[in-house]
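Under our numbering, think of the first position of the sequence shown as -2, with each following residue one higher.
Glycine included, every Cβ here is placed at the ideal spot set by N, Cα and C.
One structure below.
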Amino acid sequence: MTAPMTVFLSSYLNGVDKKGRVSVPASFRHEMVAHSRQQVVVYAAPDAGSNGGYLYGWAYDDFIKLAEKIQQLPALSPVRQRLARAILAAARPLNFDDAGR
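Right, dumping it as structure tokens:
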């Protein structure tokens, strides 16, 4: 049986430390731990514009499902190409450290 999709609600304004790390909100970490998920995939929002950057975060296995859906689109589809560039190429799998970053 597969775990239900993890849903993160709300948005948070977090600072970046000197090493370029961002703390993950405690409610997000608790949700991940509750579903035995140790890895998150993040990517910069393609629509951040001039308001500054922000990140989207997904549980790793949920992101893989999204990637599979994108890859099911026709190979030469402009929509697939845009999604692949904006999301898949920018995505990075990360593990939480002991401080929740």
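Y183 vs A87 beta-carbon contact at 8 Å: Only positions -2 to 98 of the chain appear in this structure, which leaves residue 183 out of reach.
Buried versus exposed, by CB contacts within 10 Å (16 or more), A23: Its Cβ having fewer than 16 others within 10 Å, A23 is exposed.
Backbone secondary structure at Q36 - three-state DSSP: Note: Q36 maps to strand in three-state DSSP.
Residue burial classification, A96 (beta-carbon count within 10 angstroms, cutoff 16): Counting the other Cβ atoms within 10 Å of the Cβ of A96 gives fewer than 16, which makes it exposed.
Environment of A56 [buried if 16+ CB atoms lie within 10 Å]: The Cβ neighbour count for A56, taken over all protein chains shown within 10 Å, is at least 16; the residue is labelled buried.
Assigned exposure category for L10 - 16 Cβ within 10 Å defines buried: L10 counts as exposed, since fewer than 16 other C-beta atoms from the protein chains shown sit within 10 angstroms of its C-beta.
Close beta carbons around R77, own chain, < 8 Å, minus the five adjacent residues each side: Correct list, in chain order: I67, Q68, L70 and P71.
Contact check, L91 vs A64, beta carbons under 8 Å: Cβ atoms of L91 and A64: not closer than 8 Å.
Residues bridged to G50 [DSSP beta-bridge criterion]: Bridge partners of G50: none, in fact.
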